[in-house]
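Colleague: One structure, as C-alpha cells, below. Some questions next.
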C-alpha cells in the first residue's frame, strides 16, 4: 500500500506559475520517479526472480516518442523485441518450475515503466542543469534520500532501525558510507551514459549486464538450469550485442552525414 501511496502522492505535480516553478518541478519529477522505481524494484525482487530492465525497452520506445519525440529504426525495434522475447522465455521457465509469482511479475513489469520514465526524464532534464551530470546526480540522490523517509515510517521500519544491534558500530557505518559512495558513483555513471548515448541504450546495456550477472551467478553457485533457461539468457545477451552494433552503425552514419 505504501508503494501505491508513493506513486500517487510523489508523482503529483503542483500547478503554478510555469516560469517560476519549471526548473524545480522538472528536477522534482525526475527524483520522484527514482523513488517509485526503487519501491517497485524492492517489491518485485522479493517476490520473483525478475530482471527489471528486460521489459523497459518497449516502454522506452513508447515514452521516448511521446516525451522526447524520438523515433527508433526498425532494426532497433527488432533487437528490443528479441530482448523481450528472451525475457518472456525466462518467465515461462519460472512458471514451469513453479517458482513464478504473478504479483511479482506485475510489480516487475510496472517497475519497467518507471525505469523507462526515469531514463527519459534524465535525458530531458539535463538542459535544466546545464548538462551537468554531477549536479543532476546530486539532486537525485539528495531528493531521493529525503523522499525515502516517509516510506520508512509507513512500513514501520523505524522501530527495527532503533533496535538494530549494530546501529552505533563504526564498522557498520564505514561499510554504509562505502556502499553509499559507490551507489552515488553508479548514479553518476548512469546519468552520464544517458547524456552521451540515449535512454534506450542505457537500459539495454543494463539488461546485458544483469543477464550476464545472472549467468555468472548460476555458474559460480553451480546451480542446475535447463536448456530453455540458458536459451533465454543467450537470446537476451545476443540481442543486446546486436542492438549495440546497430546503434553504432546508425551513429556512425549520422556522424558522416553531418
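In the working numbering, the protein residues as written are 627 to 884. Where is the CB? At the ideal position from N, CA and C, for every residue including glycine.
(1) Ignore the nearest five residues each way along the sequence and tell me which others in residue 756's own chain have a CB closer than 6 angstroms to its CB.
(2) Could you tell me how far apart the beta carbons of residue 749 and residue 820 are, in whole angstroms, since I believe they sit closer than 8 angstroms?
(3) Please classify residue 825 as buried or exposed, where buried requires at least 16 neighbouring CB atoms within 10 angstroms.
(4) Give the straight-line distance between the Cα atoms of residue 717 and residue 746, rounded to the nearest whole angstrom.
(5) Tell me the rounded alpha-carbon separation between residue 707 and residue 795.
(6) Is residue 817 closer than 7 angstroms to residue 767 when the C-beta atoms are compared?
(7) Under a three-way DSSP split, which group does residue 776 fall into?
(8) Do three or more CB pairs link the stretch 824-838 to the stretch 796-806 at distances below 8 angstroms?
(9) Check whether the stretch 772-782 and the stretch 849-857 touch, using three or more Cβ-Cβ pairs below 8 angstroms as the test.
(10) Could you tell me the alpha carbon to alpha carbon distance between residue 885 and residue 733, rounded to whole angstroms?
(11) Can the beta-carbon of residue 705 be found closer than 7 angstroms to that of residue 837?
(12) Let's see if you can read the secondary structure: which residues bound the alpha helix (DSSP H) around residue 698?
(13) Report all residues from its chain with a CB closer than 8 angstroms to the CB of residue 709; omit the five preceding and five following residues, and keep chain order.
(14) Helix, strand or coil, according to DSSP, for residue 831 in the structure here?
(15) In whole angstroms, what is the alpha-carbon distance linking residue 778 and residue 741?
(16) Indicate the three-state DSSP secondary structure (helix, strand or coil) for residue 638 in the structure shown.
(17) To the nearest angstrom, how far is it from the Cα of residue 803 to the Cα of residue 758?
(18) For residue 877, does the count of other Cβ atoms within 10 angstroms reach 16, so buried, or fall short, so exposed?
(19) Under a Cβ-count criterion, where at least 16 other Cβ atoms within 10 Å of its own Cβ denotes burial, should residue 813 be classed as buried or exposed?
(20) Which runs of the alpha helix (DSSP H) spanning at least 4 residues fall entirely within the stretch 741-805, listed in chain order?
(21) For a test of the three-state rule: what should DSSP assign to residue 876, helix, strand or coil?
(22) Is the beta carbon of residue 841 less than 7 angstroms from the beta carbon of residue 859?
Modeller: In terms of the structure at hand:
(1) Counted from its first residue, the chain shown places residue 756 at position 130. Hits under 6 angstroms: none found.
(2) By 1-based counting over the chain shown, the position of residue 749 is 123. By 1-based counting over the chain shown, the position of residue 820 is 194. Confirmed, Cβ separation roughly 5 angstroms.
(3) As a first step, residue 825 is located in the chain shown; it is residue number 199 there, counting from the start. Looking at its Cβ environment, which holds 16 or more other Cβ atoms inside 10 Å, residue 825 is buried.
(4) Stepping through the chain shown from its first residue, residue 717 is reached at position 91. Stepping through the chain shown from its first residue, residue 746 is reached at position 120. Approximately 26 angstroms, taken between the alpha carbons.
(5) Translated into positions along the chain shown, residue 707 becomes position 81. Translated into positions along the chain shown, residue 795 becomes position 169. Answer to the nearest angstrom: the Cα atoms are 49 angstroms apart.
(6) In the chain shown, the residue the question calls residue 767 occupies position 141. In the chain shown, the residue the question calls residue 817 occupies position 191. In this structure, residue 767 sits away from residue 817, with a CB-CB distance that is not shorter than 7 angstroms.
(7) By 1-based counting over the chain shown, the position of residue 776 is 150. DSSP places residue 776 in helix when its eight states are reduced to three.
(8) no
(9) no
(10) The requested residue 885 does not occur in the structure, where the chain is confined to residues 627 to 884.
(11) Within the chain shown, numbered from 1, the residue matching residue 705 stands at position 79. Within the chain shown, numbered from 1, the residue matching residue 837 stands at position 211. No, the pair does not count as a contact, with Cβ atoms beyond the cut-off.
(12) Taking the chain shown and counting its residues from 1, one reaches residue 698 at position 72. Element bounds for residue 698: n/a, residue is neither H nor E.
(13) Your numbering for residue 709 matches position 83 in the chain shown. 680, 683, 830, 833, 861, 862, 865, 866 and 869.
(14) The residue given as residue 831 occupies position 205 in the chain shown. In the structure shown, residue 831 sits in a helix (DSSP, three-state: H, G or I).
(15) Position 152 of the chain shown, counted from the start, is the residue given in the question as residue 778. Position 115 of the chain shown, counted from the start, is the residue given in the question as residue 741. Using only the alpha carbons, I get a separation of about 22 angstroms.
(16) Your numbering for residue 638 matches position 12 in the chain shown. Confidence at residue 638 is low in this model, with a pLDDT of 42, below 50, so the placement of that residue should be treated as unreliable; the coordinate-derived value is given next. Here residue 638 sits in coil by DSSP.
(17) Here residue 803 refers to the residue found at position 177 when the chain shown is read from its first residue. Here residue 758 refers to the residue found at position 132 when the chain shown is read from its first residue. So the two alpha carbons sit approximately 24 angstroms from each other.
(18) Residue mapping note: residue 877 aligns to position 251 of the chain shown, counting from 1. Per the 10 Å Cβ criterion, exposed.
(19) As a first step, residue 813 must be located in the chain shown, where it is residue number 187. Label assigned to residue 813: buried.
(20) 759-780 and 784-788
(21) The count along the chain shown starts at 1 and reaches residue 876 at position 250. Note: residue 876 maps to helix in three-state DSSP.
(22) As a first step, residue 841 is located in the chain shown; it is residue number 215 there, counting from the start. As a first step, residue 859 is located in the chain shown; it is residue number 233 there, counting from the start. Yes.
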